[in-house]
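Here the sequence shown stands for residues 19 to 989, where the numbers follow my numbering.
Glycine included, each C-beta is placed from N, C-alpha and C at the ideal position.
Below: the structure, in structure tokens.
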Amino acid sequence: MADADKPDCMSIDPSAWKPTEPVVWKDALVRYLANITSAGDFAVSNHHTIFADPGLKIGGDRRIFLPLHPTDAEAIQSMAKKAANETWELQPGQFRCLNPEWEPFLYEHVLPRVAEGLGMVDDICLRPVNLLLFGKGSFFKPHNDDSSDESNETEAEQDILGTLVISLPSYHRGGAVHLSFKSETRTFATDTSFPWALQALAWFPDVSHEVAELTDGCRLVLTYKLAAHGHGGPDQPHKQSAQFYRRQVDGLRTILAGWEASSGVSTEEPLCYPIDPVPPNEPLLIGTMKGYNRAVCQSLRDACSSPDSNVFVFLAHMTHLVNHQVLPDGSKFAEEHTFCEEVYRCDRAGVRVASQLPGGIETLLVKEPRVEKYTDGGDHWLCKNTWEVRYQYTVAMLVHRKGLGLFAQARHCCSGEIEASVAMLDEMLLRNHWDVPTVHAAAQVFARATQKGQRMTPTTVQIVLSWVLFTRTTTTAAAEREDTIFDDLYQGVLRCSLQRLDTQDVALGMIGLSLRQLCTHAGALNSQTIKWENLFECFASVCSLSAWQLIVDKFPKYLEGGGLPTGLLQDLQTSFKAWAQARMDTKFMSHHIGDDRHYEGDCGDDYSFIIKSIESRPADSEWIMTRLLPALASERCNPALLHRVLDAFWQSDEHFALAKLAYEYIIPRASSRLTIDSFEALLSTCGSNHPGSHLYDRAMFPVLLDRCLSLQPTGELLAAHLLEAISQTVKDCVEGEVEDPGEILSATCVPVALVLKKHGFAVAGALASGSALADAANRYFTAVIRDYLCEQREWTADLDWAHKVDPVLHSCDLSKKCGPCSELREFVGHSDARTWVYTAAEQDDDASSSLAHIEQVLLSAPGDNWVLVTTIGRNKTLEVVKKGARPLDKAKWYNDEVEALQAKLSALPEADAIKDVTGDAWYHEVIASLESRKAEHYKGLADANATSWRTRVRRKGSYSSSGDGEDEPTG
19 MADADKPDCM
29 SIDPSAWKPT
39 EPVVWKDALV
49 RYLANITSAG
59 DFAVSNHHTI
69 FADPGLKIGG
79 DRRIFLPLHP
89 TDAEAIQSMA
99 KKAANETWEL
109 QPGQFRCLNP
119 EWEPFLYEHV
129 LPRVAEGLGM
139 VDDICLRPVN
149 LLLFGKGSFF
159 KPHNDDSSDE
169 SNETEAEQDI
179 LGTLVISLPS
189 YHRGGAVHLS
199 FKSETRTFAT
209 DTSFPWALQA
219 LAWFPDVSHE
229 VAELTDGCRL
239 VLTYKLAAHG
249 HGGPDQPHKQ
259 SAQFYRRQVD
269 GLRTILAGWE
279 ASSGVSTEEP
289 LCYPIDPVPP
299 NEPLLIGTMK
309 GYNRAVCQSL
319 RDACSSPDSN
329 VFVFLAHMTH
339 LVNHQVLPDG
349 SKFAEEHTFC
359 EEVYRCDRAG
369 VRVASQLPGG
379 IETLLVKEPR
389 VEKYTDGGDH
399 WLCKNTWEVR
409 YQYTVAMLVH
419 RKGLGLFAQA
429 RHCCSGEIEA
439 SVAMLDEMLL
449 RNHWDVPTVH
459 AAAQVFARAT
469 QKGQRMTPTT
479 VQIVLSWVLF
489 TRTTTTAAAE
499 REDTIFDDLY
509 QGVLRCSLQR
519 LDTQDVALGM
529 IGLSLRQLCT
539 HAGALNSQTI
549 KWENLFECFA
559 SVCSLSAWQL
569 IVDKFPKYLE
579 GGGLPTGLLQ
589 DLQTSFKAWA
599 QARMDTKFMS
609 HHIGDDRHYE
619 GDCGDDYSFI
629 IKSIESRPAD
639 SEWIMTRLLP
649 ALASERCNPA
659 LLHRVLDAFW
669 QSDEHFALAK
679 LAYEYIIPRA
689 SSRLTIDSFE
699 ALLSTCGSNH
709 PGSHLYDRAM
719 FPVLLDRCLS
729 LQPTGELLAA
739 HLLEAISQTV
749 KDCVEGEVED
759 PGEILSATCV
769 PVALVLKKHG
779 FAVAGALASG
789 SALADAANRY
799 FTAVIRDYLC
809 EQREWTADLD
819 WAHKVDPVLH
829 SCDLSKKCGP
839 CSELREFVGH
849 SDARTWVYTA
859 AEQDDDASSS
869 LAHIEQVLLS
879 APGDNWVLVT
889 TIGRNKTLEV
899 VKKGARPLDK
909 AKWYNDEVEA
919 LQAKLSALPE
929 ADAIKDVTGD
939 AWYHEVIASL
949 ESRKAEHYKG
959 LADANATSWR
969 TRVRRKGSYS
979 SSGDGEDEPT
989 G
């Protein structure tokens, strides 16, 4: 239907549908929206920072310059007619606009924005009315420019659509323009744009307007009438006016009010009305929309903005995906998905409130699919029978207040969307007077904001926490509320807000305010009845020690103020401090210290708490000796934190006495955890094959060893503990590949040897005396050279049990299809099989002959390679065991690698530092001991007594290797 043929929406009676018939109700809504052609505000104001000077001239030759000068204002006053209230007026014949660019500027820049704001669709022209000068003390009382009764208009007035006032640059104070229609009002200040902008104000004739008193300066304005070209006169059904748009919005509001009464139309799902498509990557702003989109969206916004409306309108990009597939049997299968990719509020700001919002194609009020994109599966055989069709819509999405929980189902929410959705639900709670559906929806959306990993802003914390505290404190005592929804939400917002400094004060302040109100108004809540664990335990159980200490120190201050009696205030503060400090002691002695991976905030970690705690205590204080040091030495302490604390003690002159106590207490009890990743950290200097630990610096272990040896008289014993512990980690380290033995020794052994040499432990010193430190150092060097370097050469002790088949079976004629010999052939050539048990079939009467045949074949083969055990009788079995085997080829390669390693280690210049400590003889003795790591000793297995193994007898011919778990010694 052409636009000219469409019936006007005002001709549709909103009461003509029956609320009990959903199809009729939806049809009425669709028809009403389809016939909206324009929408606008009853008054608009625009600023133009770039404009053409009108070139004003009065009285024939007097030029008026802008911004208006006081002398020019006096000239206008001298030639103009004075109206009431210090206002002077010049008629069009008394002034001229000489600049030829002025009229094009009005029609190309001012008029389009005015027409768009007022929703005018006619071809509009401007008719000059007058030039007005407002002096100090001037004002206009409320009045209308024309009669709003169309039946009483003269023919000359029927094409007047509104008034345009151009406020020219002029210094003044006051003079704001107040406009009103029915119960709606607009106020536009005119003194904020001087001297760099021109202001254009426009309104409909049926709008009442007044001008506030001008308190200083002068205001110069040009007044025009907005007139329609080709107006149809009195036969035109509806002229655009504030009253016209008011009736249009009222009709739409009446239809939307019947949503809940229309049975069969769910209020928990949205209704989506397609509008003209907008590219998916563009935001949906009502201020940038044109034509039909602007008219429909603005009408819906105005209709839904009423305080008594139960419907909210949003703008969204909707996508409907259909995945087609042809199955192997030729049948076709289609899978559909519908979702709103981006959802925006329907206002000038256009804030995005959700992404990936699930929905259904059935929510569309008009089924007019538009194919946006077609994608086939490609040439791969798995994909060639699949394709995807994407239908793209731009929709105005209507959501009933009972369906606001939809926004909690968004599959993706960034921090900006969460903040916007929380603020939106807060507005809706106030608008709907905390009705049950809105409260439930708000709880769901607020819960999304408090999920782990979300970053809440101070505004979001204030909204959510004030709402939750209001619901929790509606009973006498907050701790006795049984509603788990609000309790869970309270715990979530506290965990998110108290762990960050930018939101911590907001949360504590609101909790303090809530408690003060309860104590003041309820009267029953005091220091004896309050349960602090119900308020703070949810945070105390998951936060770091430092974060909890901040709460202990800061919260008592937030109980102050609010008119609490001094005695009650002191009781509350004392009660909280006692409980919070006891909770701190319990937390310190029970939680995993230094495991900061679970802490997302910026309130400090456990390390900062420990350092601050010892600053106010002497080194030998009871808390340090009985709580801090045992906690650090326990399994609950993270090794990385333990290193940081020991390093901080050593670096500080004030805490050096504590450092000696800490080293002597912690290292004997926690050396294994101190060195858990130290060897890998040393290996991190060897390149990419040894990435090392992420928690430890490669110099940490030598530094720790050096500090232990500096402490006398216990230093040697502490160093021995560390070397024993790191020796064990060497045996457990199997990652990486050895490329250069010299590089490995330089990274792992040389730093340790240099530390030992620094403290005088050399060949002629204590290291050669067989002390605990000497034994520990020797074990560490031996572990690196003999265990780590050799174990990195991949070696397996498997043997090859395969024999040549043809010499064995040369006496049997296989062309006769000899079954036993076919199985024997497979056994002889198998590299993993050592033992074969052949069992004659039960129906074979001549079992002894088949067993004898196998024996004859094997005994006729050259060499003595077999052990035969024959059992004639009930079992009718023959057991064959191979006597000969050879090492696999990789054994030779391994032996060559060991010999090459011995040669390299003997001539390494990096080994000099180790020899200085251990002695040259000891070093070469370790290298010589690598002979035991070679593969020669495995060859002896081939000559082992084969008859000492026996496999379980099976019904058919089978074989197993010598290492089979089913083997049993026969004795």
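Whole-number beta carbon distance between residue j and residue i, since they are thought to touch under 8 angstroms
i, j, result
"residue 54", "residue 374", "30 angstroms between Cβ atoms; not a contact."
"residue 298", "residue 381", "About 18 angstroms separates the two Cβ atoms, so there is no contact after all."
"residue 693", "residue 743", "4 angstroms"
"residue 120", "residue 73", "6 angstroms"
"residue 599", "residue 565", "That belief does not hold up - the Cβ atoms of residue 599 and residue 565 are roughly 15 angstroms apart, past 8 angstroms."
"residue 438", "residue 370", "7 angstroms"
"residue 292", "residue 412", "7 angstroms"
"residue 136", "residue 59", "7 angstroms"
"residue 945", "residue 767", "Going by Cβ atoms, the distance from residue 945 to residue 767 rounds to 13 angstroms, so no, they are not a contact pair."
"residue 446", "residue 422", "7 angstroms"
"residue 869", "residue 896", "5 angstroms"
"residue 884", "residue 898", "6 angstroms"
"residue 794", "residue 738", "4 angstroms"
CB of residue i within 8 angstroms of CB of residue j, strictly
i, j, result
"residue 428", "residue 318", "no"
"residue 206", "residue 219", "yes"
"residue 740", "residue 722", "yes"
"residue 186", "residue 239", "yes"
"residue 157", "residue 230", "yes"
"residue 436", "residue 478", "yes"
"residue 321", "residue 271", "yes"
"residue 528", "residue 487", "yes"
"residue 681", "residue 736", "yes"
"residue 544", "residue 610", "no"
"residue 420", "residue 286", "yes"
"residue 313", "residue 57", "yes"
"residue 76", "residue 93", "yes"
"residue 227", "residue 160", "yes"
"residue 360", "residue 335", "yes"
"residue 573", "residue 526", "yes"
Residues bridged to residue i (per DSSP)
i, result
"residue 741", "Per DSSP, none; premise fails for residue 741."
"residue 151", "106 and 238"
"residue 229", "158 and 195"
"residue 258", "Residue 258 pairs with nothing; no bridge assigned."
Neighbour-count burial assignment, residue i, 16 or more Cβ in a 10 Å radius
i, result
"residue 991", "Missing from the structure shown is residue 991; the chain here goes from 19 to 989 and no further."
"residue 759", "buried"
"residue 698", "buried"
"residue 454", "exposed"
"residue 448", "exposed"
"residue 724", "buried"
"residue 372", "buried"
"residue 929", "buried"
"residue 718", "buried"
"residue 351", "exposed"
"residue 83", "exposed"
Bounding residues of the beta strand (DSSP E) (the contiguous stretch that carries residue i)
i, result
"residue 234", "232–235"
"residue 410", "404–418"
"residue 855", "853–857"
"residue 302", "Premise fails: residue 302 is in no beta strand (DSSP E) and is neither H nor E."
"residue 656", "Here residue 656 belongs to no beta strand (DSSP E), and DSSP marks it neither H nor E."
Range of the contiguous alpha helix (DSSP H) that encloses residue i
i, result
"residue 127", "Segment: none, residue 127 is in no alpha helix (DSSP H) and carries neither H nor E."
"residue 380", "Element bounds for residue 380: n/a, residue is neither H nor E."
"residue 83", "Premise fails: residue 83 is in no alpha helix (DSSP H) and is neither H nor E."
"residue 290", "Segment 289–293 is the beta strand (DSSP E) holding residue 290; no alpha helix (DSSP H) there."
"residue 585", "584–606"
Short CB-CB distance (under 8 angstroms) between residue i and chain B
i, result
"residue 769", "Reference to chain B is not applicable here, since this structure consists of a single protein chain."
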